[in-house]
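*Asks:* Quick note: the sequence shown uses the UniProt record's numbering, first residue 1, plus one each step.
Take a look at this one; I'll ask things after.
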Amino acid sequence: MAAANKAVLGPLVGAVDQGTSSTRFLVFNSKTAELLSHHQVELKQEFPKEGWVEQDPKEILNSVYECIEKTCEKLGQLNIDISNIKAIGVSNQRETTVVWDKLTGEPLYNAVAARVSPGPSDPVAVVLSGSSVPAAGTSSVWLDLRTQSTVENLSKRIPGNNNFVKSKTGLPLSTYFSAVKLRWLLDNVRKVQKAVEEERALFGTVDSWLIWCLTGGANGGVHCTDVTNASRTMLFNIHSLEWDKELCDVNWGNGLMEAIRENQFYGSSKKETNNFVSVTVLSCHVYFQCLGDQSAALVGQMCFQDGQAKNTYGTGCFLLCNTGRKCVFSEHGLLTTVAYKLGRDKPVYYALEGSVAIAGAVVRWLRDNLGIIKTSEEIEKLAKEVGTSYGCYFVPAFSGLYAPYWEPSARGIICGLTQFTNRCHIAFAALEAVCFQTREILDAMNRDCGMPLRHLQVDGGMTNNKILMQLQADILYIPVVKPSMPETTALGAAMAAGAAEGVGVWSLDPEDLSAVTVERFEPQINAEESEIRYSTWKKAVMKSMGWVTTQSSESGDPSIFCSLPLGFFIVSSMVMLIGPGNLHMPQVQP
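The structure is reproduced here in structure tokens:
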């Protein structure tokens, strides 16, 4: 944080960075992108049953209020006038699902989480923006898996190789996305069922819940979302940029779509300017804009050109590549998603997304399960001692392989061991595994896009490991670029809000963007050696497959793949996804 004179600050922009394990509020100088102050609050996760992950929506909301209040106090201590805050960007966990009562403002059930990853308030080696290796006792549950049976029942009804849903949404049928969670709530929670019958129920992702509450709640709150969050529900048409009538309303009339249209006027007593809502908070009028967390990171990394990509290294990895105005459908196991749309009259940009399930989590596994290291940062020291894995390869497929394989039968292996192998070699192999998995996703993106990446922009807590970053450059055989500003997700949300029509305090023109100091890692091995190591890794991956099957999986195995039959999608049975037409969907702001 930096103390500054009021006269030189100019307009300020805030950012709510709402993650699964913490919430933060950060305030930036819109002219310099300097972080002036922030506050963070840790959140609890609830695990009522194995494979279930929930959070209290009211705790999430109260954490936002607390973070705003505390940050404003800190700004006051720095003699910074909070009335200069002109806009607030909201960055949020994307697929987590909330249903609440529009008359009382009360949640009808806990938020059903998509994933639980460490947040900035978790005890970590380096405390950064929601993407470091958590200390012992913190959670890294990848998915809430209560909807496995719902997905399995749906997939049995679907003709093989029909891409009806993927062609509209870019997504496969999976427990990961909001629609199936919503179906579970409708089937299993009587309070939700009753509220739907009485036309009191509002549905949304976390951004919708927060903005509705912050703009008045039951007293005229605005029920809205943006295209990046909507595109992760499995109900949103990424071509028309609207809730898809066939996906929402097949076989039972037009009730739901009428509710969506109604929501375009819901809360219209508030002044609306495109996708920004004027509301009195902080004792002044501000505008809100929301972006899903990975889209916000893409914007924060200034990946505005076709073919630019960023990778966030946390418990897992999220690699997004901007494909421009072209909606590219992957033939290599990646997801197609909306990257961003920064204004009503602005074009929509798309992205390909691939995720690595186990990245920083492998470091925690070495620490907590094997005891090879005592602290997260120790892995860099061990790897540096040997500078090689000495032919040892580690495939951390603890719950199968994700993109680009989507192979449920795989399990973790360490192979190539000799009598010479020690814990340093295994530590090195673990770091290499993160880099090899990233290359597999990047190769898939290159094949889908037809334009090889020239460098990779990176962020997240693991990027502080210089051995890891150098290994990544060597294995990709392209430069790896790390910005000095670690808060890329919050920065991206702030940039989008500050650049909004009606706000206009943050220019996104390339010539106006502040120069960002970066650390650059160049490949230090020859291309032949890089390819040999990569081909050996792929051999190890092949050996990890075929250990279990869906029919004979381990008891209680919470693998996503039990419910993710690649290539199977909903057709006529889409009626099962949502149900009654009285559920109110958020207005999607363009």
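We put the CB at the ideal spot given by N, CA and C, even for glycine.
Computed from a predicted model, the values in this text were never measured in an experiment.
Nearest-angstrom Cα distance between V124 and P479?
*Replies:* Residue confidence for V124 is low, a pLDDT of 26 falling below 50, so the modelled location carries little weight; the figure read from the coordinates is stated next. In a straight line, the C-alpha of V124 is about 27 Å away from that of P479.
*Asks:* Do A444 and H332 count as a contact pair if the criterion is CB distance below 7 Å?
*Replies:* Yes, Cβ-Cβ distance for H332 and A444 is below 7 Å.
*Asks:* Short of 7 Å in beta carbon distance, which residues of its chain neighbour R454, apart from the five on each side in sequence? Order them along the chain.
*Replies:* I478, listed in sequence order.
*Asks:* Starting from the C-beta of P11, find all residues in its chain whose C-beta is less than 7 Å away, skip the five residues before and the five after it, and write them out in chain order.
*Replies:* The residues are S30, N84, K86, V505.
*Asks:* Can you give the beta carbon distance from W547 to Y393, rounded, assuming they're within the 8 Å contact cut?
*Replies:* That belief does not hold up - the Cβ atoms of W547 and Y393 are roughly 16 Å apart, past 8 Å.
*Asks:* To the nearest angstrom, report how far apart C290 and L417 are at their CA atoms.
*Replies:* Going by the C-alpha atoms only, they are around 48 Å apart.
*Asks:* Please classify K181 as buried or exposed, where buried requires at least 16 neighbouring CB atoms within 10 angstroms.
*Replies:* K181 comes out buried.
*Asks:* Assuming the contact rule is C-beta atoms closer than 8 Å, residue 591 and L431 should be a hit. Round their C-beta distance to whole Å, please.
*Replies:* Limits of the chain in this structure are 1 at one end and 590 at the other, which puts residue 591 out of reach.
*Asks:* Report the option in G354, C449, V356, S376 whose CA atom is closest to the CA atom of V363.
*Replies:* Checked all of G354, C449, V356, S376; the closest Cα to V363 is S376.
*Asks:* DSSP on E531, reduced to helix/strand/coil?
*Replies:* Residue state, collapsed to three classes: helix.
*Asks:* Taking its Cβ as the centre, do 16 or more other Cβ atoms sit within 10 Å of Y168, making it buried, or is it exposed?
*Replies:* The question names Tyr, yet the displayed sequence has Lys at residue 168. By the neighbour-count rule (16 or more Cβ atoms within 10 Å), K168 is buried.
*Asks:* From the DSSP secondary-structure annotation, give me the bridge partner or partners of H584.
*Replies:* L202, per the DSSP bridge assignment.
*Asks:* Going by Cα to Cα distance, which pick from V112, D207, V64, I68 is closest to Q589?
*Replies:* Closest option to Q589, Cα to Cα, is D207.
*Asks:* Does the distance from the C-beta atom of L202 to that of W100 stay below 7 Å?
*Replies:* Closer than 7 Å, so yes.
*Asks:* Which value, in whole angstroms, describes the spacing of the CA atoms of V98 and G391?
*Replies:* The straight-line gap from Cα to Cα measures roughly 48 Å.
*Asks:* According to DSSP, which residues form a beta bridge with E242?
*Replies:* E242 is bridged to N237.
*Asks:* What did DSSP end up calling I60 once you bin it into helix, strand or coil?
*Replies:* Residue state, collapsed to three classes: helix.
*Asks:* What are the boundary residues of the alpha helix (DSSP H) that N188 is part of?
*Replies:* First-last of the alpha helix (DSSP H) with N188: 178–188.
*Asks:* Between the alpha carbons of S389 and K191, how many angstroms are there, rounded?
*Replies:* If you take the alpha carbons of S389 and K191, they lie about 55 Å apart.
*Asks:* Looking at the unbroken beta strand (DSSP E) that takes in R24, where does it start and where does it end?
*Replies:* Here the beta strand (DSSP E) through R24 covers 22–29.
*Asks:* Out of curiosity, what's the CA-to-CA distance linking K102 and R200?
*Replies:* K102 and R200: Cα-Cα distance of roughly 6 Å.
*Asks:* Whole angstroms is fine: what's the gap from L9's alpha carbon to A410's?
*Replies:* Distance between the alpha carbons of L9 and A410 is about 54 Å.
*Asks:* Could you please give the first and the last residue of the uninterrupted alpha helix (DSSP H) stretch that includes residue 591?
*Replies:* With the chain running from 1 to 590 in the structure shown, residue 591 is simply not present.
*Asks:* Are A218 and L108 touching if we call contact CB-CB under 7 Å?
*Replies:* No, they are not a contact pair.
*Asks:* Helix, strand or coil, according to DSSP, for S409 in the structure here?
*Replies:* DSSP places S409 in coil when its eight states are reduced to three.
*Asks:* Considering only the alpha carbon of each residue, which of E152, E246, T315 lies closest to T175?
*Replies:* When only C-alpha atoms are compared, the closest one is E152.
*Asks:* Could you name each continuous alpha helix (DSSP H) segment of 4 residues or more that falls completely within the segment 401–486, going from the start of the chain to the end?
*Replies:* Listed in chain order, the complete alpha helix (DSSP H) runs (minimum 4 residues) inside the segment 401–486 are 423–449, 466–476.
*Asks:* Counting Cβ pairs closer than 8 Å, one from the segment 43–61 and one from the segment 227–247, do we hit at least three?
*Replies:* Result no; under three Cβ-Cβ pairs closer than 8 Å.
*Asks:* Between the C-alpha atoms of E95 and A230, what's the straight-line distance to the nearest angstrom?
*Replies:* Whole-angstrom Cα-Cα distance: 9 Å.
*Asks:* Do the CB positions of L171 and F177 come within less than 7 Å of each other?
*Replies:* Against a cut-off of 7 Å, the Cβ pair of F177 and L171 comes out as a contact.
*Asks:* Pull up the distance between the alpha-carbon of residue 601 and that of C449, whole angstroms please.
*Replies:* Coverage of the chain is limited to positions 1 through 590, which leaves residue 601 absent and any answer about it impossible.
*Asks:* Which residue marks the beginning of the beta strand (DSSP E) containing F164, and which one marks its end?
*Replies:* Element bounds for F164: not the beta strand (DSSP E) but the alpha helix (DSSP H), 164–169.
*Asks:* The alpha helix (DSSP H) spanning P491 covers which residue range?
*Replies:* In the sequence on display, residue 491 carries Leu and not Pro. Counting along the chain, the alpha helix (DSSP H) containing L491 begins and ends at 488–498.
*Asks:* With a 10 Å radius around its C-beta and 16 neighbouring C-beta atoms as the bar for buried, classify A361 as buried or exposed.
*Replies:* It is buried - the Cβ of A361 has at least 16 other Cβ atoms within 10 Å.
*Asks:* If you run the structure through DSSP and keep just helix, strand and coil, what is S389?
*Replies:* Coil, per DSSP.
*Asks:* Given that a residue counts as buried once 16 or more other Cβ atoms are within 10 Å of its Cβ, and exposed if not, what is T233?
*Replies:* Buried, since its Cβ has 16 or more Cβ neighbours within 10 Å.
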